[in-house]
Amino acid sequence: MKNFLPLVTLLICIHFSHAQDFSAYKKALFIQSKDTLCYRILYPESYDPGKSYPLVVFLHGAGARGNDNERQFIDGGSLFLNDSVRKKFPALVVLPQCPADSMWFKIPPGPPYDTTAAFNHKMNTLALSTPELMVKLLMDSLAEHKIADRKRIYLGGTSLGAFGTYDLIIHYPGYFAAAFPICGQANVELYPKRAANVPVWIFHGEIDDIINPWPDRSLIKALRQSGAKNAKYTEYPGLKHDITGKVFAEPDLLPWLFSFKK
Numbered sequence: 454m455k456n457f458l459p460l461v462t463l464l465i466c467i468h469f470s471h472a473q474d475f476s477a478y479k480k481a482l483f484i485q486s487k488d489t490l491c492y493r494i495l496y497p498e499s500y501d502p503g504k505s506y507p508l509v510v511f512l513h514g515a516g517a518r519g520n521d522n523e524r525q526f527i528d529g530g531s532l533f534l535n536d537s538v539r540k541k542f543p544a545l546v547v548l549p550q551c552p553a554d555s556m557w558f559k560i561p562p563g564p565p566y567d568t569t570a571a572f573n574h575k576m577n578t579l580a581l582s583t584p585e586l587m588v589k590l591l592m593d594s595l596a597e598h599k600i601a602d603r604k605r606i607y608l609g610g611t612s613l614g615a616f617g618t619y620d621l622i623i624h625y626p627g628y629f630a631a632a633f634p635i636c637g638q639a640n641v642e643l644y645p646k647r648a649a650n651v652p653v654w655i656f657h658g659e660i661d662d663i664i665n666p667w668p669d670r671s672l673i674k675a676l677r678q679s680g681a682k683n684a685k686y687t688e689y690p691g692l693k694h695d696i697t698g699k700v701f702a703e704p705d706l707l708p709w710l711f712s713f714k715k
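The sequence shown begins at 454 in our numbering and counts up by one.
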């Protein structure tokens with residue numbers, strides 16, 4: 454059993470980012486009443502405002518929180534700048550940024566938790582956190598304005614962002630065409646009841662020392678037992694927590710993701 458530590462500390466992972474030009478992702482703010490969500494958005498090449506496009510939303514990990522609208526690139530973004538990807542899978546890509554003092558999901562009250570099932574039982578039973586709600590409202594807005602195709606909304610996230618991915622799916626299981634959580638955790642009992650029909654590809658590192666892989670292993674087992682037809686699980690032998698680059702290098706990830714439509 455791992456030592457008990459505050460969850461926020463457990464979710465913070467050190468990432469390394471090579472210098473890359475992300476200027477193609479336009480800076481934007483989504484404002485609702487007194488709340489503001491920073492996000493970056495990548496439009497398809499030869500963008501046609503008369504068309505609706507698939508929408509991919511990717512939620513970063515705890516270490517990328519803030520309000521600079523830059524740090525979210527630590528955990529992703531480069532895959533969708535690939536020329537061949539942009540040509541083969543024209544889509545809107547949104548990278549929101551969670552404020553430093555918040556989370557992509559609400560933590561149930563109680564003592565500090567480890568990253569095993571001790572925390573799992575009460576997860577995903579609370580309302581959305583403010584950043585989660587803002588992401589949902591942003592997706593709604595893009596769909597309502599016919600910018601995004603409501604039938605092709607895809608969600609992914611890493612670490613803290615995977616927790617948020619699971620949480621959003623549990624709250625809105627009919628909303629997403631498919632999802633890919635990386636090194637996260639969900640309520641193993643609740644998720645299959647609410648979201649067994651949502652295509653999901655779960656990723657984890659075998660020796661992840663930040664978020665224990667055991668709950669994800671339990672989740673994929675529960676999904677399969679519930680009859681889920683499109684639930685996949687990939688665990689990388691000998692790898693720890695920082696596997697986002699490995700996941701984004703999966704040649705089947707985007708073909709699998711974009712094969713689904715509501």
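All residues carry an ideal CB built from backbone N, CA and C; glycine is no exception.
Same chain, Cβ closer than 8 Å to residue i, five either side skipped, listed in chain order
i	result
residue 501	none
residue 553	518, 519 and 520
residue 693	658, 660, 661, 662 and 663
residue 581	558, 559, 589, 620, 621 and 624
residue 601	505, 506, 507, 508, 545, 592 and 595
residue 599	505
CB of residue i within 9 Å of CB of residue j, strictly
i	j	result
residue 526	residue 478	yes
residue 718	residue 608	The displayed coordinates of the chain run from 454 to 715. Any statement about residue 718 would go beyond what the structure contains.
residue 642	residue 670	no
residue 626	residue 651	yes
residue 686	residue 654	yes
residue 394	residue 715	What is shown of the chain runs 454 to 715, which leaves residue 394 out entirely.
residue 528	residue 611	yes
residue 496	residue 550	no
Same chain, Cβ closer than 6 Å to residue i, neighbours up to 5 away in sequence not counted
i	result
residue 716	The structure shown does not extend to residue 716, since the chain is modelled only from 454 through 715, so no value can be given for it.
residue 539	498
residue 683	652
residue 681	649
Beta-carbon contacts of residue i that lie in its chain and below 7 Å, excluding the five residues immediately before and after
i	result
residue 587	483, 485, 488 and 490
residue 530	475, 478 and 548
Spatial distance of residue i from residue j (CA atoms)
i	j	result
residue 571	residue 494	Only weak support is given to the placement of residue 571: the predicted model assigns it a pLDDT of 47, under 50, and the value that follows is read from those uncertain coordinates. Their Cα atoms are separated by approximately 37 Å.
residue 646	residue 632	17 Å
residue 707	residue 562	37 Å
residue 712	residue 615	21 Å
residue 503	residue 481	21 Å
residue 516	residue 613	9 Å
residue 649	residue 514	25 Å
residue 606	residue 710	10 Å
residue 523	residue 674	37 Å
Counted within 10 angstroms of its Cβ, other Cβ atoms place residue i as buried (16 or more) or exposed
i	result
residue 533	buried
residue 665	buried
residue 585	buried
residue 702	exposed
residue 690	exposed
residue 697	buried
As an exercise, report each continuous beta strand (DSSP E) stretch of at least 3 residues that is fully enclosed by the segment 571–614, in chain order. 601–611
Complete runs of the beta strand (DSSP E) confined to the segment 622–663 [at least 3 residues]: 631–635 and 653–658
Along the chain, which unbroken stretches of the alpha helix (DSSP H) at least 4 residues long are found entirely within the segment 526–562? 536–541
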